Amino acid sequence: MNSTFSLGSMRAQAGNLALPLGIIVIMAMMIVPLPSALLDIFFVGNILLSLLVLMVAVHAQRPLDFSSFPSLLLIATTLRLALNVASTRVVLADGHTGPGAAGHVIESFANFVVGGNFFVGLLVFVILVIINMVVIAKGAGRVSEVSARFTLDAMPGKQMAIDADLNAGLLTPDQAKARREEVAAEADFYGAMDGASKFVKGDAVAGLVILAINVLGGIIVGTIQHNLSLGVAADTYVRLSVGDGLVAQVPGLLLSLAAAIIVTRSSGASDMGGLIGKQVHIAQAWGPAAAVLLTLGLVPGMPNLIFLLAGALAGLAAYLARRGALQGVAAAARPAAGMAATDAADVSARPADSAPTPITVEEVSDLAPLSLQIGYGLIPLASGREGGNLVARITAIRRELSRSLGIVVPGVRIRDDLSLGPNSYRLRIGQTIVAEDDIHAERKLAIPGHSSTRKLPGIEVKDPSFGLDAVWILPHQQAEAEADDYTVVDPEAVIATHIGQVLQRHAGDLLGPDDVQSLLDALTEVAPTLVQTVVPKLVPLHVLTAVMRQLLADRVPVSDLRRILEGLAQFSGTTASIAVQAEALRPALVPLLLQQLVPIGTKLDLVTLKPDLEQLLLRTRRQGEDGLTLDPGFAATLLRDIGHAQDEAQARGQTLIIVVTAALRRAFAAFVRPHLPDALVLGLTDIPETRRVEVMHSIGLSAALPNAAPPASGA
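So the sequence shown is residues 422 to 1136, counted in my numbering.
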């Protein structure tokens, strides 16, 4: 095992040293004279590197698969320029000895292209440079510039889309992190390609300059220093210069083509050859092309044989494409037919030896803390098609609740469920169903106001959030409804509001030990001593979690975690219950809740209980339990009177706040909460002394007794 580890370490170190050493060698080539034999080796290696880069670019399925291309392009360009400098030195120093002075590679390229006319060789070289610089390099540079600009402009939208998918439960946190890194890598890649395209263009210009230096300098050196005639010097040095330029320009042309391929292709599941072949190999394209070629082959004076042969080949390609398309349709239809037959067949009719599909854990368990199941008719609301923005609205609701409650409300995983009706939805916390209702995606919910006079045609329902009378109307009825003081709400807003209300009522069920630990980790950065002293030395994590859940059940924010820890530290070593500890923390935390409900400068409208009723309720309180022992009729009448007060508070756009003595608060809240979950029960000690209050109603014993008059009001 040690030998394997040592061998792997040696290989890694060798790989890490190869690139720095290679760059040093490239720099040395520009200074140290190289023999012609070594130049031949480097020229062949340069061609090999260019071909390798081109093939990798062609077979990459997406640009990011070759993210090292900009750096590799810089290194290859520098290598080619270093070879140009080294070969220029050899050409000018030893060119008078003959065409083989700069090595066999340059001599072979010169003889193959130039032949017997060096002027033709010059023109061919210039044409190659123009193709590389004006066509390929310039086009690739423009595409790189535009791609970089649009990629950077699209980054915020992509990040928001990733956040929306994460909040909807479509992505795990690790997947979202990988997607964000991919978006950042894509922006970096196209930005680097925008700069790397300048290397290609500069290399082509450098090739022309070096060619001119070699030709003019060679003629001057040959005629003045080596006493060659002008014709012999021109022939010798032009051959060497053109051969040297071609040896460098061919790899440059390959790299320019590779850069253009990288920046012009799109991401896909296949390489460039497979993608082009799949998109081009269609009968609708080959058929008309074959017809045109066959028609031209019948025109007198044309090269008929060539056109007829090309038309026949195009017709064969059209036939093969048509047959392949038909086979693909048949293959796609067979599994669908087999699936339909299996679904329709009785299980008992299957062969005994046919193995049933194994049941996976994902089919029977859903570990998402929050999940929204929707019928197939509501899918457009969540998928974003047809303008549906349910995911964005739920995200906004979660963000608002997280700020008000002081916890991170988990993401809602949205899934379609064929067992539900097409217009039904169901919200679950863990495996528990906490809300469900019906929504009409193609309609809007109209809620009548105080001055509404007409009854709109539509589907009459109860608003799922507040239980108000409402009607689902068609979109074209919206203007009519708003003119008659109706409040018109989109179906996405109806679902999101219902979810927000339900999550606020069940906020305590959303908090677990892991969530509390995350909050503690955040507090550790600003108050490390407090956290290390209290948790878990004085207050175990499970006790802290239980206390915070108790507070959230009463809608008390837990954002001031520092004050919670300081308060719980006082109960260290005592046997106080979770409920008692939570009650003791309320006076310090309830002001946060009141600030969210009513601005500090605005008075609090309260409902109180008269002393005779409070004394009766205190006598009926069950010792050690959060509940009251009341006669059913008396309890119903008391809840009715509280309901009347809540209706009046809601009419003013306020939350019903009932204030009772501190000894009665917990039991009375447990009595009211199941029937009026939106009512807020506070103790006298919960109200800050600095807040202005006004008692809107005071419910007494006579009002709460059966068949009594409505509760008297007082200030």
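Where is the CB? At the ideal position from N, CA and C, for every residue including glycine.
Quick caveat: nothing in here was measured; it's all calculated off a predicted structure.
Item to check | Own chain residues within Cβ distance below 7 angstroms of L455, not counting five before or after | outcome: A507
Next on the checklist: So if DSSP puts H919 in a beta bridge, which residue, or which two residues, is it bridged to?
Outcome noted: According to DSSP, which records beta bridges pairwise, H919 is partnered with nothing at all.
Item to check | Given P1109 as reference, the closest of K1024, L678, Q1067 once Cα atoms are compared | outcome: K1024
Next on the checklist: I need the DSSP call for E946, collapsed to helix, strand or coil.
Outcome noted: coil
Next on the checklist: Quick check on the DSSP output: the alpha helix (DSSP H) that includes T619 runs from which residue to which?
Outcome noted: The amino acid at residue 619 is misidentified as Thr; the sequence shows Lys. 594-641 is the extent of the alpha helix (DSSP H) around K619.
Item to check | Buried versus exposed, by CB contacts within 10 Å (16 or more), D1052 | outcome: exposed
Item to check | For H963 and I850, believed in contact at Cβ under 8 angstroms, the rounded distance | outcome: About 20 angstroms separates the two Cβ atoms, so there is no contact after all.
Item to check | A900 versus E863 - alpha carbon distance | outcome: 16 angstroms
Item to check | Proximity of L793 and Y846 at Cβ, strictly below 9 angstroms | outcome: yes
Item to check | Terminal residues of the beta strand (DSSP E) in which L791 lies | outcome: 791-795
Next on the checklist: Quick check on the burial criterion: 16 or more other C-beta atoms within 10 angstroms. Buried or exposed for P772?
Outcome noted: With a pLDDT of 41 at P772, under the threshold of 50, the predicted position of this residue should be treated as unreliable, though the coordinate-derived value follows. Burial call: exposed.
Item to check | With 16 other Cβ atoms within 10 Å as the buried cut-off, status of A943 | outcome: exposed
Checklist entry - Is it the case that the Cβ atoms of G929 and R970 are separated by a distance below 9 angstroms? => result yes
Item to check | Option in N553, L494, M1117, D1033 with minimal Cα separation from L629 | outcome: N553
Checklist entry - So, V1011 versus M1117, is the Cβ gap smaller than 9 angstroms? => result no
Item to check | Cβ-based burial, D1107 [other Cβ within 10 Å; buried from 16] | outcome: buried
Item to check | Option in Q1075, A575, K622 with minimal Cα separation from Y611 | outcome: A575
Item to check | Where the beta strand (DSSP E) containing I854 begins and where it ends | outcome: 853-859
Checklist entry - Alpha carbon to alpha carbon, how far is A1066 from L1077? => result 7 angstroms
Checklist entry - Is F1007 buried or exposed, if buried means 16 or more other CB atoms sit within 10 Å of its CB? => result In the sequence as displayed, the identity of residue 1007 is Arg instead of Phe. Buried, by the Cβ-count rule.
Checklist entry - Around the C-beta of T763, are 16 or more other C-beta atoms found within 10 angstroms, so that it is buried, or is it exposed? => result Confidence in T763 is poor, its pLDDT being 36 and thus under 50, which makes the residue's placement unreliable; the coordinate value appears in the next sentence. Counting Cβ neighbours within 10 Å, T763 comes out exposed, since fewer than 16 surround it.
Checklist entry - Over what stretch of residues does the beta strand (DSSP E) that includes E881 continue unbroken? => result 880-883
Checklist entry - Are at least three pairs of beta-carbons, each pair with one atom in the region 1031-1045 and one in the region 1082-1089, less than 8 angstroms apart? => result yes
Checklist entry - Is T1041 near L1049, with beta carbons less than 9 angstroms apart? => result yes
Checklist entry - Can you give the beta carbon distance from A561 to S677, rounded, assuming they're within the 8 angstroms contact cut? => result 7 angstroms
Checklist entry - What is the C-beta distance between K883 and L889, in whole angstroms, given that I count them as a contact (C-beta under 8 angstroms)? => result 7 angstroms
Item to check | Range covered by the beta strand (DSSP E) that runs through E908 | outcome: Note that residue 908 corresponds to Thr in the displayed sequence, not to Glu. 907-910 is the extent of the beta strand (DSSP E) around T908.
Checklist entry - The alpha helix (DSSP H) spanning V465 covers which residue range? => result 457-480
Checklist entry - Taking the alpha helix (DSSP H) that P869 falls in, what are its first and last residues? => result That residue, P869, is in no alpha helix (DSSP H); its beta strand (DSSP E) goes 865-869.
Checklist entry - Are there 16 or more other CB atoms within 10 angstroms of the CB of R501, so buried, or fewer, so exposed? => result buried
Item to check | Any non-hydrogen atom of the ligand FAD within 8 angstroms of L802 CB | outcome: Here there are no bound small molecules, and the ligand FAD is not part of this structure.
Next on the checklist: Quick check: the Cα distance between A1070 and L1101, rounded to an integer number of angstroms?
Outcome noted: 12 angstroms
Checklist entry - In terms of alpha-carbon separation, which member of L667, A669, V668, T644 lies closest to T657? => result T644
Checklist entry - To the nearest whole angstrom, what separates the beta carbons of A625 and G673, a pair I think is in contact under 8 angstroms? => result 7 angstroms
Next on the checklist: Please list the terminal residues of the continuous alpha helix (DSSP H) segment that includes A891.
Outcome noted: Here A891 belongs to no alpha helix (DSSP H); instead the beta strand (DSSP E) covers 890-894.
Checklist entry - Just reading off the alpha helix (DSSP H) that L494 is part of, what are its end residues? => result 490-515
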